[in-house]
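Some notes on the structure that comes next.
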Ligand SMILES: [Zn+2]
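Numbering (my numbering), first residue to last: 544 to 678.
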């Protein structure tokens with residue numbers, strides 16, 4: 544790995560480039576990565592809903608993926624299409640399993656035993672809104 548001979552204690556080029564990139568994006572690199580994961584799960588859920596709408600009614604409960612920032616999380620949350628639609632009506636809202644919320648980028652606006660609805664804050668909110676699949 545290349546290191547600057549004049550500043551051997553400088554971090555290697557790759558992480559330097561990452562920090563530079565995050566500076567230009569205006570979003571903290573970690574926050575952006577977390578928000579990206581949630582956007583990914585939201586897109587999967589959109590496909591689940593598409594499939595569900597072709598056969599079901601609003602009252603039927605479907606299993607949607609937890610939309611938390613943990614890429615390895617595969618928990619399913621029981622939601623009716625009505626509830627899911629309500630959450631999707633605001634691009635900053637996500638549905639996560641209880642305890643899967645991330646206080647540094649979101650606040651819980653609705654709690655029950657099966658799922659929490661969270662609203663993204665600050666730059667994370669702008670990032671997820673820009674990637675809204677409905678816009
Ligand atoms: Zn989760």
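Backbone N, C-alpha and C fix where the C-beta goes; we use that ideal spot for every residue, glycine too. Here the structure is a predicted model, which means the values were calculated and not measured.
Go to residue i, then tell me how far its alpha helix (DSSP H) extends in each direction, as first and last residue.
{"i": "residue 591", "result": "572-596"}
{"i": "residue 602", "result": "Where residue 602 is concerned, there is no enclosing alpha helix (DSSP H), given that its DSSP letter is neither H nor E."}
{"i": "residue 631", "result": "624-631"}
{"i": "residue 645", "result": "Unbroken run through residue 645: none, as it is neither H nor E."}
{"i": "residue 670", "result": "665-673"}
At what residues does the beta strand (DSSP E) containing residue i begin and finish?
{"i": "residue 652", "result": "649-654"}
{"i": "residue 636", "result": "636-639"}
If contacts are defined as beta-carbon pairs under 8 Å, then residue i and residue j qualify, I think. What distance do you get, rounded to the angstrom?
{"i": "residue 614", "j": "residue 588", "result": "That belief does not hold up - the Cβ atoms of residue 614 and residue 588 are roughly 15 Å apart, past 8 Å."}
{"i": "residue 582", "j": "residue 653", "result": "Incorrect: roughly 20 Å between the Cβ atoms, too far for contact."}
{"i": "residue 576", "j": "residue 676", "result": "With a Cβ gap of about 19 Å, residue 576 and residue 676 do not count as contacting."}
{"i": "residue 670", "j": "residue 594", "result": "About 27 Å; that fails the 8 Å criterion."}
Going by CA-CA distance only, name the one from the options that's closest to residue i.
{"i": "residue 664", "options": "624, 677 and 646", "result": "646"}
{"i": "residue 651", "options": "574, 590, 666 and 630", "result": "630"}
{"i": "residue 638", "options": "598, 606 and 593", "result": "606"}
{"i": "residue 611", "options": "572, 657 and 642", "result": "642"}
{"i": "residue 618", "options": "626, 624, 625 and 609", "result": "609"}
{"i": "residue 660", "options": "627, 596, 676 and 573", "result": "627"}
{"i": "residue 574", "options": "676, 677, 678 and 668", "result": "668"}
{"i": "residue 657", "options": "623, 578 and 595", "result": "623"}
{"i": "residue 635", "options": "662, 620, 572 and 648", "result": "662"}
{"i": "residue 672", "options": "633, 595 and 591", "result": "633"}
Sort out for me which residues DSSP pairs residue i with in a bridge.
{"i": "residue 618", "result": "Beta-bridge pairing links residue 618 to no other residue."}
{"i": "residue 662", "result": "636 and 650"}
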